[in-house]
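Please read the structure below before turning to the comments.
Residue numbers (this note's numbering): -18 to 275.
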């Protein structure tokens, strides 16, 4: 870590301070170059960027450790690996969804239909359960919004070059009432016609990185953050022989890799992105380049 990080419980080669500063620099440049002509799509991008920034800073705070004895916090601090894993999993999921919507799509129709599906999935969380007192109106409003998003998604699908079988799958995805986020890949034939739509779960990191080197990642983060039997036994064994620090290193390396990928994708997707990338990444083989190519 940098010289101002000497109070951290331990240090790592993957510098989270650098990643934090790169995210902030990216956000500042985005505001400087693009604030006057924002689209709804641009707003989604910058909101996800801010979410990523805050998660990284929350993770940095966790590195200071949690006091074991509240009345004497100086006695011992521990690394809360379970909570760190949950934050890192959120970082990974954000990078995954952003990459799927803004990078894997080949045209505005594909991008816009994935944004609508993403919105529908989010609002589905408000349906099907008894709302708190006074929230029935909001639930009905959300139901109407979902119906409107589905209508818009179907309109986009009507003008897409898509086979009957692929359209059937797409309609099922649009009409699905579950709230589980996932990625979707449009497979095309030689003539550019969509012939298949592949669902990609978070447990398939190749959909983000383009290779299977990190096939263990999502399961690894989930093991530590879920209250399963395996999660509990891992927690119980966490503070033996420095395993807490070993696992923290893995989580922080994962963070640097995922955030670097996100920044690269962000700069590819937004207006003036190439200009921003050159300013935040002026020299080859910087930490961003190294992490983005791992």
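We put the CB at the ideal spot given by N, CA and C, even for glycine. On a predicted model such as this, the values are computed, not experimentally measured, just so you know.
Collapsing the DSSP output to three states places residue 220 in coil. In summary, residue 81 is buried, with 16 or more beta-carbon neighbours lying within 10 Å of its beta-carbon over all protein chains present. For residue 103, there is no enclosing beta strand (DSSP E); the residue is found in the alpha helix (DSSP H) stretching over 89 to 105. In the DSSP assignment, residue 180 is bridged to 165. Contact annotation: residue 184 and residue 199 have beta-carbon atoms nearer than 8 Å. In terms of Cβ geometry, residue 40 and residue 4 do not form a close pair [threshold 8 Å]. Closest in C-alpha terms to residue 46, from the list 189, 261, 220 and 257, comes 220. Cβ contact annotation for residue 28 (same chain, cutoff 6 Å, sequence separation greater than five): none. Residue pairing for residue 143: DSSP places it in a beta bridge opposite 175. Beta-bridge partners assigned by DSSP to residue 58: 48. For residue 225, the three-state secondary structure derived from DSSP is helix. Counting the other Cβ atoms within 10 Å of the Cβ of residue 102 gives 16 or more, which makes it buried.
If you draw a straight line from the Cα of residue 173 to the Cα of residue 142, it comes to about 8 Å.
DSSP, reduced to helix, strand and coil, places residue 6 within a helical segment of the structure shown.
Three or more beta-carbon pairs separated by less than 8 Å link the stretch 212 to 232 to the stretch 49 to 65, which places the two stretches in contact. The C-alpha of residue 19 is placed about 27 Å away from the C-alpha of residue 124. The Cβ atoms of residue 69 and residue 236 lie closer than 8 Å to each other. Taking a C-beta distance under 8 Å as the contact criterion, residue 26 and residue 251 qualify as a contact pair. Distance from the Cα of residue 122 is smallest, within the candidate group 211, 104 and 240, for 104. Around the CB of residue 213, fewer than 16 other CB atoms lie within 10 Å, so the residue is classed as exposed. Taking a contact as a CB-CB distance under 8 Å, the pair residue 97 and residue 73 does not count as one, their CB atoms being some 23 Å apart. Under a 10 Å Cβ-count criterion, residue 164 is classified as buried, with 16 or more other Cβ atoms of the shown protein chains found around its own Cβ.
Distance from the CA atom of residue 51 to the CA atom of residue 57, rounded to whole angstroms, is 10 Å. Put simply, the backbone Cα of residue 118 is about 25 Å away from that of residue 21.
Taking every protein chain shown into account, the CB of residue 254 has 16 or more other CB atoms within 10 angstroms, so this residue is buried.
One thing to note: residue 84 has its Cβ within 8 Å of the Cβ of residue 246.
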